[in-house]
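Worksheet: one structure, shown below.
Number of protein chains: 2
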Amino acid sequence: MSNKLESYIRPNSVAVIGASTRKGSIGNTTIKNFKDLNFKGKVYGINPRYDEIEGFQCFGSLTDVPAEIDVAIIAVASHLVEAAIRDCVTKRVKFVVIFSSGFAEKGEEGLQKQNEILRLCKENDIRVVGPNTLGAFNIKDQIFLSFTPATIDGISGEIGIVSQSGATGSIIMGMAMEEKLGVTYTLTTGNQMDLNTIDFMEFLISDEDTKIIGTYLEAVPDGDKLRDLADKALVEHKPIVMLKTGRSEAGQKAALSHTASLTGSSRVFEMVTYRHGITLVNGIDGMVDALKVFRSGKRPAGNRVATVVISGATGIMVADKLEDHGLKMATLSQETQNKLLEVVPSYCSVLNPVDIGQTLLDNPILYKHCIETLVETDEVDIVILHLPIGIEKFAYDIIEVAKGTDKPIIVMHTCPEQVIGNVRKILNENYIPAYNSIESAAEAASHLVFYEDAYNNYQINRLTFGEDQSKVTFDFDLKGQTVTEPQVKSILNQMNIPTPKGVVINDVTKLIDQSKHLTYPLVAKIVSPEITHKSDAGGVVLGIKDLDSLMNAFHTIIQNAKEYAPNAIIEGVLIEEMVEGPFLEAFIGVKKDPIFGPVILCGLGGIYVEIMKDVSQSLAPISRQDALRMIQQLKSYPLFTGVRNGLKYNVEGFAEVLVNLSNLAVNLEGNWTELEINPLIVFEEGKGVMALDGLLTFASSEKTKDGVLQ
Amino acid sequence: MSNKLESYIRPNSVAVIGASTRKGSIGNTTIKNFKDLNFKGKVYGINPRYDEIEGFQCFGSLTDVPAEIDVAIIAVASHLVEAAIRDCVTKRVKFVVIFSSGFAEKGEEGLQKQNEILRLCKENDIRVVGPNTLGAFNIKDQIFLSFTPATIDGISGEIGIVSQSGATGSIIMGMAMEEKLGVTYTLTTGNQMDLNTIDFMEFLISDEDTKIIGTYLEAVPDGDKLRDLADKALVEHKPIVMLKTGRSEAGQKAALSHTASLTGSSRVFEMVTYRHGITLVNGIDGMVDALKVFRSGKRPAGNRVATVVISGATGIMVADKLEDHGLKMATLSQETQNKLLEVVPSYCSVLNPVDIGQTLLDNPILYKHCIETLVETDEVDIVILHLPIGIEKFAYDIIEVAKGTDKPIIVMHTCPEQVIGNVRKILNENYIPAYNSIESAAEAASHLVFYEDAYNNYQINRLTFGEDQSKVTFDFDLKGQTVTEPQVKSILNQMNIPTPKGVVINDVTKLIDQSKHLTYPLVAKIVSPEITHKSDAGGVVLGIKDLDSLMNAFHTIIQNAKEYAPNAIIEGVLIEEMVEGPFLEAFIGVKKDPIFGPVILCGLGGIYVEIMKDVSQSLAPISRQDALRMIQQLKSYPLFTGVRNGLKYNVEGFAEVLVNLSNLAVNLEGNWTELEINPLIVFEEGKGVMALDGLLTFASSEKTKDGVLQ
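Those protein sequences? They're chains P and Z, same order as listed.
All residue numbers in the first sequence are consecutive under our numbering, ending with 710.
All residue numbers in the second sequence are consecutive under our numbering, ending with 710.
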């Protein structure tokens with residue numbers, strides 16, 4: 001894919017369909033950009049009214065152009081787009097970018113028009129960007145396939161931008177450049193009927209010059225692909241910063257009328273970004289702030305931050321903000337404090353925050369001494385510096401110290417723009433991320449820490465999950481069939497999830513023989529694919545104490561079942577040993593997110609899940625650490641650790657079942673929709689766990705709540 | 001108080017103790033400010049080495065000055081401060097402002113020095129600002145009592161700033177002015193050993209020119225005073241915007257080493273600001289953003305927002321952010337949509353967000369038409385406008401529409417500073433709050449709505465709570481005495497909180513007579529101020545079915561008690577009717593916050609409070625609405641409404657007890673520390689509630705958990 005996009009990004013020949021002489025019009029600006037940026041390739045205007053526009057030769061029709069065309073830009077009204085595409089087909093154009101709006105974003109009729117041109121392009125191997133897009137800004141080679149005037153003082157650099165929204169993409173680019181951050185490419189997708197944000201992210205990950213990726217999404221075109229490419233970016237240590245909108249109901253409504261996209265569940269999306277090391281930001285400013293900090297390339301070894309401030313209040317605010325973001329104020333040893341005090345006057349504070357007050361202006365080496373000291377000690381992972389005013393000397397002090405260290409240094413100022421002058425930009429240009437607020441600096445530090453955590457977790461997960469887990473299969477046919485309790489349990493057993501000792505009996509003459517290995521008390525339950533509500537059918541008997549009662553139970557259950565559902569296939573009666581307390585009843589469920597696949601949930605059964613909504617969740621599969629964390633995150637967790645009656649329950653066993661069920665969810669074949677263990681009996685520590693009942697539902701069959709609480 | 005501060009804020013004569021000729025020094029800048037700002041009053045330098053500094057006459061000692069001094073500014077090293085104060089005493093100076101640091105903020109020794117000068121000043125009726133302060137900036141009259149150079153392009157206006165931190169106060173002032181917001185005064189307090197932030201806030205509330213107050217606090221000097229003055233500000237509709245730091249543990253540590261203050265519980269603080277309409281912000285930028293929006297003086301009628309955007313993505317982001325802040329996207333009627341479509345092209349979206357795209361540049365009347373339409377319809381309470389680029393015409397369109405309406409209009413741009421140019425500032429100058437991010441604009445809108453809610457709630461609460469509730473008294477002596485269960489219950493009964501029917505019996509011969517009005521089954525409990533753990537003492541018998549058993553229980557309890565605590569005073573045995581289900585067991589507690597007084601908490605008893613931490617809380621007193629909201633906010637609330645067993649419980653009765661206990665907490669005399677009903681039995685709807693046991697602890701006595709679960 002990536003290589004194939006080369007001739008869109010760096011075309012040798014371009015045609016502008018709808019080129020115009022009217023200044024300020026889309027058709028004019030688009031073609032004029034090639035002139036203004038000294039494009040090295042061939043450019044052809046397509047407009048029957050002119051022979052030449054902005055110095056480029058103009059043709060009546062694309063088919064008249066006597067040369068190959070890499071990219072055809074379509075800048076005509078929506079009703080003329082289809083004809084333009086037909087010309088592209090004739091001309092065997094490789095890429096088309098459609099600026100025109102009036103397609104899927106305008107409702108059903110527009111969508112039909114869009115599907116028609118999509119079909120045309122697919123049949124003829126034409127790749128399309130748009131419609132309803134602002135196109136591409138190749139800053140590196142100074143090629144704009146866009147109708148935004150090429151007035152941006154384009155700084156080339158390391159940041160690649162992909163945006164579903166053209167306006168947002170160009171705003172991010174503009175703000176990045178204003179902060180003196182360089183950009184490789186800004187690629188916008190609009191309605192993305194063919195090429196989408198993921199295609200372009202893939203391109204940027206493969207691109208040598210792009211080191212960081214900033215992306216704006218309203219919809220995720222393909223959940224699996226996003227996860228795969230995020231992993232790839234993580235391995236190559238290319239941070240992806242993402243602004244995902246449409247979280248709110250109102251936002252989702254607005255998104256639909258915007259670029260016609262579904263925006264997905266925000267909670268699951270957060271889990272995806274957490275797992276795959278995508279830095280999620282909350283707005284355009286946050287995007288630029290995050291790109292800035294990753295651009296430094298520095299990686300923190302931990303989350304301990306030291307800060308040098310020139311006002312006590314600033315120190316307090318830094319401490320507050322760091323805690324908000326889950327970071328820690330580093331504790332400075334006496335040795336480090338003494339080192340600071342070699343230059344810092346004794347009436348200043350050399351605890352962290354190091355508060356040097358106005359003395360900074362009295363002694364020219366003081367600030368640099370503090371920075372060096374904090375950079376050198378391994379008590380500190382990240383240094384945040386408060387810059388008082390726009391004195392360039394301080395900026396160059398920081399730049400010099402930064403050159404000799406791998407430790408991240410982040411700068412922030414609290415003074416107005418007119419006071420800081422050019423200093424923030426000097427720092428940014430020199431790869432020292434500098435911010436105009438405490439909050440932004442603290443958040444930036446947290447991005448670095450979050451990203452390293454994700455990177456390290458990914459390495460662990462890679463070892464844990466491996467590459468090729470074999471699929472879990474089952475030995476029964478599922479077409480339109482309800483899964484019975486013994487079948488679910490056999491699948492659970494395949495995954496080493498224990499279930500009660502039991503046997504299915506369908507012949508009363510064999511009952512004595514087949515039940516002789518079971519220990520009383522027992523439970524008996526009807527087994528029938530047609531009977532899903534076993535209790536309602538009188539199909540469950542609990543607390544069977546002896547063989548006589550078992551015999552009675554067997555007959556009663558069969559008889560009740562026949563009365564309840566005369567035509568049901570009765571496969572037999574499941575006889576199981578009854579579990580005895582003390583135990584806790586847990587719940588484990590898996591739901592399939594339509595975009596990102598299986599999500600595993602757990603909690604304590606009954607009131608805890610149903611009313612208190614005390615549930616942890618995670619993307620599947622999960623590691624043992626993930627599983628333990630899920631359990632520990634439950635508010636009801638203290639019940640496992642002996643707070644109520646002094647008994648401790650088997651958290652490890654619970655975690656193991658979570659891991660195994662998550663593996664099942666990932667590897668189970670077939671179009672299943674729901675998977676559940678309810679209840680999972682969690683015995684005391686050292687005494688195991690047991691899935692008392694399970695549920696597995698397939699899309700083709702009806703929802704089959706198989707079994708009943710014991 | 002306020003009037004008294006007049007001669008500090010607008011002095012006629014000032015002495016600068018420690019005035020200096022060394023450029024850039026504190027002593028020089030301070031006195032030079034009077035010259036630079038053309039101060040109309042008298043200024044005297046105090047420094048034995050000079051006859052004149054910066055054009056002002058200089059004396060060897062303050063006592064040599066042949067005139068009255070309103071304000072003495074002390075700008076000498078900390079060890080010379082006390083001598084300077086003694087001169088002020090001799091000279092009968094009214095106000096002293098101490099710039100010098102090295103006092104309470106530097107530990108125990110500094111605190112002693114500070115207390116010494118405080119004693120001196122108190123004895124001699126001198127009011128002090130500082131030490132360790134940046135002083136005062138009277139922008140209105142152009143008088144700086146500060147060592148910050150008077151280079152700020154001071155715009156006078158409506159915003160008064162009070163800051164514990166000098167640096168933060170001047171940063172807020174600087175940023176406000178950069179945004180073209182005018183300031184009346186910036187008053188900083190430092191260590192605030194005498195005059196504190198609350199004193200200055202009081203001054204600003206009384207000041208006619210000040211319409212909005214921005215304040216930075218590390219500590220709250222007096223919780224009750226803050227609540228009183230916040231109410232006063234609310235009545236006068238002068239919004240208070242507050243930045244309170246030291247929330248985090250690390251921040252609290254830093255605050256201690258900064259201005260030597262305790263920072264308090266952040267959860268309680270949030271409740272206080274919510275109740276009293278103080279707008280809490282999260283940082284310095286947030287402070288300036290909030291001051292800006294309140295400065296418009298416009299008040300929304302509700303929380304429905306309409307927005308005009310020029311990019312679909314921006315519309316989505318606005319919708320997301322508004323939802324984050326609890327606001328709603330207004331629904332536009334067909335009529336309003338048609339009105340918009342009179343000018344807006346049909347391919348744009350006239351749903352809310354109104355997305356007019358680039359067409360805004362094509363038609364000069366389009367933008368204004370949209371604004372007018374949204375301002376005119378009563379479907380919309382607040383209008384947020386997206387400003388594309390720095391075209392002044394649009395700004396003046398907005399300003400013109402705003403002149404004719406009381407509806408708040410908020411503007412935001414997403415383009416870089418160099419693109420917006422001067423336009424944001426033009427809007428701000430004309431009282432249209434304008435922001436450079438979507439987030440800021442949405443948050444600003446939410447401030448307006450929050451503030452109106454608080455204002456309206458205050459009016460309701462004023463009616464509910466009244467002015468003079470009478471104190472609750474009790475007829476037993478409390479000095480060093482434990483409160484027994486019958487005593488607690490008698491207090492609860494005074495507040496109309498029902499308790500089980502019962503009687504205290506201390507003479508077995510009267511048992512038959514005194515118990516004859518009670519219905520079996522009964523409960524019997526020991527009553528002794530010395531026996532707090534009644535069950536441990538064998539002092540409780542449940543389920544007493546008849547007179548014989550009651551007799552036995554009485555004897556057993558008395559005997560057990562005597563064995564358990566031979567010297568205890570035994571007041572008798574409490575005999576009560578036993579409650580019968582179905583019911584829920586609730587918990588109500590009151591804790592006293594050291595700064596803000598009683599906070600009332602509730603939840604369901606047992607596991608819900610203890611393990612699930614499912615608790616609601618509110619400042620006392622509360623209204624019936626507050627009480628119902630507290631109960632409804634519980635996660636376990638569905639248990640009251642019949643979700644579990646179909647039974648509905650008496651939420652109204654629960655709420656009434658909450659209200660009554662909150663009134664008790666506010667009006668109960670004496671130095672009590674803890675007040676609790678546990679359990680409160682909540683019967684089914686229509687069947688009442690009952691406090692089964694209560695706890696009341698006084699500071700002088702030990703914690704006395706009186707009674708035990710039935």
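Beta carbons: idealized from backbone N, C-alpha and C, even for Gly.
Being a predicted model, the structure only gives us computed values, none of them experimental.
Beta-carbon proximity check, residue i vs residue j, cutoff 7 angstroms
i	j	result
Val383(Z)	Ala306(Z)	yes
Ala319(Z)	Ala167(P)	no
Gly302(P)	Asp381(P)	yes
Asn428(Z)	Glu179(Z)	yes
Tyr637(P)	Leu584(P)	no
Ile399(Z)	Asn430(Z)	yes
Lys534(Z)	Val540(Z)	yes
Gly572(P)	Ile505(P)	yes
Leu658(Z)	Glu676(Z)	no
Ile159(Z)	Ile212(Z)	yes
Arg275(Z)	Leu628(Z)	no
Ala717(Z)	Leu351(Z)	Given a span of 1 to 710 for chain Z in the structure shown, any question on residue 717(Z) remains unanswerable.
Integer-rounded CB distance, given that residue j should sit under 8 angstroms from residue i
i	j	result
Met690(P)	Thr499(P)	6 angstroms
Val81(Z)	Val128(Z)	Contact flag wrong, Cβ pair sits at about 10 angstroms.
Ile74(Z)	Ile98(Z)	5 angstroms
Ile570(P)	Ser528(P)	5 angstroms
Met718(Z)	Leu118(Z)	Because chain Z in this structure spans residues 1 to 710, residue 718(Z) falls outside the shown range and cannot be described.
Pro433(Z)	Lys292(Z)	5 angstroms
Per DSSP, the bridge partner or partners of residue i
i	result
Thr697(P)	Glu674(P)
Met690(Z)	Ile681(Z)
Leu217(P)	Lys244(P)
Tyr185(Z)	Asn138(Z)
Ser549(P)	Paired residue(s): none; Ser549(P) is not in a bridge.
Met412(Z)	His386(Z) and Tyr435(Z)
Ala72(Z)	Ala15(Z) and Val96(Z)
Cys725(Z)	The structure shown has nothing for residue 725(Z), since chain Z only spans 1 to 710.
Phe144(Z)	Phe137(Z)
Terminal residues of the beta strand (DSSP E) in which residue i lies
i	result
Ala627(P)	First-last for Ala627(P): Arg624 to Gln633, but that is the alpha helix (DSSP H), not the beta strand (DSSP E).
Cys602(P)	Gly597 to Leu604
Ala136(P)	Ala136 to Asn138
Gly157(P)	Ser156 to Ser163
Tyr44(P)	Lys42 to Ile46
Glu577(Z)	Gly572 to Glu577
Glu711(Z)	With chain Z running from 1 to 710 in the structure shown, residue 711(Z) is simply not present.
Lys525(Z)	Leu522 to Val527
Proximity test, residue i beta-carbon vs the ligand PLP heavy atom, cut-off 6 angstroms
i	result
Leu341(Z)	Among the components of this structure there are no ligands whatsoever, and the ligand PLP is therefore not found.
Worksheet item: Between the region 630-641 of chain P and chain Z, which residues of the former have a C-beta closer than 7 angstroms to a C-beta of the latter?
Response: Considering only beta carbons, the part of the region 630-641 of chain P lying closer than 7 angstroms to chain Z consists of Lys635, Ser636, Pro638 and Leu639, in chain order.
Worksheet item: Going along the chain, which residues of the region 394-426 of chain Z sit with their C-beta nearer than 9 angstroms to a C-beta in chain P?
Response: The region 394-426 of chain Z vs chain P, Cβ under 9 angstroms: Thr414, Cys415, Pro416, Glu417, Gln418 and Val419.
Worksheet item: Can you list, in chain order, the residues of the region 316-332 of chain Z whose Cβ is nearer than 9 angstroms to any Cβ on chain P?
Response: Answer set for the region 316-332 of chain Z: Ile316, Met317, Val318, Ala319, Asp320, Lys321, Leu322, Glu323, Asp324, Lys328 and Met329.
Fill in: Near-chain B residues of the region 274-289 of chain P (beta-carbon distance less than 9 angstroms), N- to C-terminal order
Among the protein chains of the structure shown, namely P and Z, there is no chain B.
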